[in-house]
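If you read the sequences in order, they're chains A and B. Quick note on numbering: the first sequence equals residues 1 to 242 in my numbering. Quick note on numbering: the second sequence equals residues 243 to 351 in my numbering. Even glycine gets a Cβ: it sits at the ideal position worked out from N, Cα and C. What follows is a single structure, written as structure tokens, with notes after it.
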Amino acid sequence: MRVKKRSPFITGILDGLPICLGYLSVSFAFGIFAVNSGLQVWQAVLLSMTNVTSAGQLAAVPIIAAGGSLIELASSQLVINLRYALMSVSLSQRLDGTVTVPHRLAISFVNTDEVFAVASSRPGTVGRRYLYGLILTPFFGWSLGTLVGGIMGDLLPAVVTAALGIAIYGMFIAIVIPKARSERPTALCVLLAVVMSCLFHYLPALQAVPQGFVIILCAVTASAVLALVAPVEQPEEVDDHA
Amino acid sequence: MREYSFWFYLIVTAGVTYLVRMLPLVLIKKKITNRFILSFLYYIPYAVLSVMTVPAALYATGNMITAVVGLAVALVLAWYRKSLLTVAVGAVAGVLAAQAVMSFILPLV
Numbered sequence: 001m002r003v004k005k006r007s008p009f010i011t012g013i014l015d016g017l018p019i020c021l022g023y024l025s026v027s028f029a030f031g032i033f034a035v036n037s038g039l040q041v042w043q044a045v046l047l048s049m050t051n052v053t054s055a056g057q058l059a060a061v062p063i064i065a066a067g068g069s070l071i072e073l074a075s076s077q078l079v080i081n082l083r084y085a086l087m088s089v090s091l092s093q094r095l096d097g098t099v100t101v102p103h104r105l106a107i108s109f110v111n112t113d114e115v116f117a118v119a120s121s122r123p124g125t126v127g128r129r130y131l132y133g134l135i136l137t138p139f140f141g142w143s144l145g146t147l148v149g150g151i152m153g154d155l156l157p158a159v160v161t162a163a164l165g166i167a168i169y170g171m172f173i174a175i176v177i178p179k180a181r182s183e184r185p186t187a188l189c190v191l192l193a194v195v196m197s198c199l200f201h202y203l204p205a206l207q208a209v210p211q212g213f214v215i216i217l218c219a220v221t222a223s224a225v226l227a228l229v230a231p232v233e234q235p236e237e238v239d240d241h242a
Numbered sequence: 243m244r245e246y247s248f249w250f251y252l253i254v255t256a257g258v259t260y261l262v263r264m265l266p267l268v269l270i271k272k273k274i275t276n277r278f279i280l281s282f283l284y285y286i287p288y289a290v291l292s293v294m295t296v297p298a299a300l301y302a303t304g305n306m307i308t309a310v311v312g313l314a315v316a317l318v319l320a321w322y323r324k325s326l327l328t329v330a331v332g333a334v335a336g337v338l339a340a341q342a343v344m345s346f347i348l349p350l351v
């Protein structure tokens, strides 16, 4: 039986487009930052194509530009990007049988905050076709934005590049707020995480803690507290063997 | 300090980032049934994104007033469930508008 239905790959592409457009502006800002820090344009683009992550790359550039130690670089990346391990654990629970090990090896390469958030917001399980569609345009958007930013950054007025810095946070807000609005426990989790994050940022005694650790510590604590206080309902297994 | 070749930096940066993402996805193939862990994993994305946004976003534009305006626009648009793109573009537009107002009004005061 053939029901007229959009293929999962196309659905993934469509869901990935807003991420791609958001990435264009953010990676554009990254390209400007990297070149202004002393990297070549091709180096900035290669960093984007091999990392596909904003915070980690932003932290790597000053270390690379200063000729810093590889240990410092590796530990900063580990700490800042450790959140992806949490996301990958979470995503591992949502994959269907089509996402075998070779596909997991490929898809995890582009498991960014936004890709993860969008994949998580899908009902039920996600398959490999959907995921490939989802990561395709964000990957190219991220690389292309870096290239254009690296080449054209100097041509733009400083006010515009400064304004673009807010784009990625706009995307984060767009993911968190609707969920927090409709689910009180999620709202409490967000509130707890934000309060802790501010304490780490503004209390002098806690300011020495590296930002990557702060992210892990606050997120893990807030999520654990809410998981204890307000455990989510077990999702019903969808049975298609009708 | 001796400067390493760019390629060493690239391999370390990309290698660490990839391993952190890849290992859990490849190693965890069983379904987790523990309700606490499932709930924890449910909340994690929202907690992570919140911690990354506050207070860092206040410093994203180099001027806290314009950042607050941009974030306020984003909050309102997100509250009404606008798309990722709309919210992101709205935040940038808010910052630009605030910059424009400040550069016109401040010289007059």
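Please classify residue i: is it buried, with 16 or more other beta-carbons within 10 angstroms of its beta-carbon, or exposed?
i         : result
Gln305(A) : The first residue shown for chain A is 1 and the last is 242, placing residue 305(A) beyond what the model contains.
Arg277(B) : exposed
Val209(A) : exposed
Arg244(B) : With a pLDDT of only 48 at Arg244(B), under 50, the local geometry of the prediction cannot be trusted, and no value is derived from it.
Leu319(B) : buried
Asp154(A) : exposed
Gln57(A)  : buried
Glu114(A) : buried
Met171(A) : buried
Ala299(B) : buried
Tyr251(B) : buried
Val214(A) : buried
Arg83(A)  : buried
Ala342(B) : exposed
Lys5(A)   : exposed
Ile71(A)  : exposed
Ser182(A) : exposed
Arg128(A) : buried
Met294(B) : buried
Against chain B, does residue i count as a neighbour if the rule is that its beta carbon must be under 8 angstroms from one of theirs?
i         : result
Met171(A) : yes
Tyr130(A) : no
Ala205(A) : no
His241(A) : Residue placement at His241(A) is poorly supported in this model, since its pLDDT is 38, which falls under 50; the coordinates still yield a value, given next. No, because no Cβ of chain B sits closer than 8 angstroms to the Cβ of His241(A).
Gly31(A)  : no
Arg184(A) : no
Arg83(A)  : yes
Arg285(A) : In the structure displayed, chain A extends from 1 to 242; residue 285(A) sits before or after that span and is not available.
Val101(A) : yes
Pro231(A) : yes
Phe139(A) : no
Arg122(A) : no
Pro178(A) : yes
Let me check one thing: in DSSP terms, what residues is residue i bridge-paired to?
i        : result
Leu95(A) : Val126(A)
So, under 8 angstroms CB-CB, residue i and residue j are touching, yes? Tell me the CB distance rounded to an integer number of Å.
i         : j         : result
Val190(A) : Leu280(B) : Val190(A) to Leu280(B), Cβ: 19 angstroms. No contact.
Gly332(B) : Val315(B) : 5 angstroms
Asn249(A) : Thr259(B) : Lying outside 1 to 242, the shown extent of chain A, residue 249(A) is not represented and no answer is given.
Leu91(A)  : Leu267(B) : 6 angstroms
Leu338(B) : Ala174(A) : Actually they are not in contact, since the Cβ atoms of Leu338(B) and Ala174(A) sit about 18 angstroms apart, beyond 8 angstroms.
Gly141(A) : Leu21(A)  : 7 angstroms
Ser75(A)  : Ala59(A)  : Rounded, the Cβ-Cβ distance is 10 angstroms, inconsistent with contact.
Arg263(B) : Ser108(A) : 4 angstroms
Ile151(A) : Val61(A)  : Actually they are not in contact, since the Cβ atoms of Ile151(A) and Val61(A) sit about 17 angstroms apart, beyond 8 angstroms.
Val99(A)  : Leu144(A) : Not confirmed; about 27 angstroms, so no contact.
Could you compute how far the alpha carbon of residue i sits from the alpha carbon of residue j?
i         : j         : result
Pro8(A)   : Pro18(A)  : 17 angstroms
Leu199(A) : Gly12(A)  : 38 angstroms
Leu291(B) : Tyr285(B) : 10 angstroms
Ala335(B) : Thr275(B) : 45 angstroms
Thr221(A) : Ala193(A) : 8 angstroms
Gly312(B) : Val148(A) : 24 angstroms
Tyr23(A)  : Phe346(B) : 31 angstroms
Thr125(A) : Ser27(A)  : 30 angstroms
Pro138(A) : Thr146(A) : 12 angstroms
Val188(A) : Leu226(A) : Note that residue 188(A) corresponds to Leu in the displayed sequence, not to Val. Taking the straight line from one Cα to the other gives about 8 angstroms.
Val254(B) : Pro349(B) : 49 angstroms
His103(A) : Tyr202(A) : 42 angstroms
Ala219(A) : Leu283(B) : 11 angstroms
Pro287(B) : Lys179(A) : 11 angstroms
Ile166(A) : Ala29(A)  : 10 angstroms
Met196(A) : Tyr322(B) : 27 angstroms
Phe248(B) : Ile10(A)  : 38 angstroms
Leu105(A) : Ala340(B) : 44 angstroms
Ser88(A)  : Leu47(A)  : 21 angstroms
Compare the C-beta of residue i against all C-beta atoms of chain A and say whether one is closer than 8 angstroms.
i         : result
Leu348(B) : no
Ser247(B) : no
Pro287(B) : yes
Met306(B) : no
Val254(B) : yes
Ala299(B) : yes
Val293(B) : yes
Met243(B) : Reliability fails at Met243(B), whose pLDDT of 42 lies under 50, so the model's placement of it is uncertain and the value that follows must be treated cautiously. At least one chain A Cβ lies under 8 angstroms of Met243(B).
Val262(B) : yes
Ala309(B) : yes
Val268(B) : yes
Val343(B) : no
Ala314(B) : no
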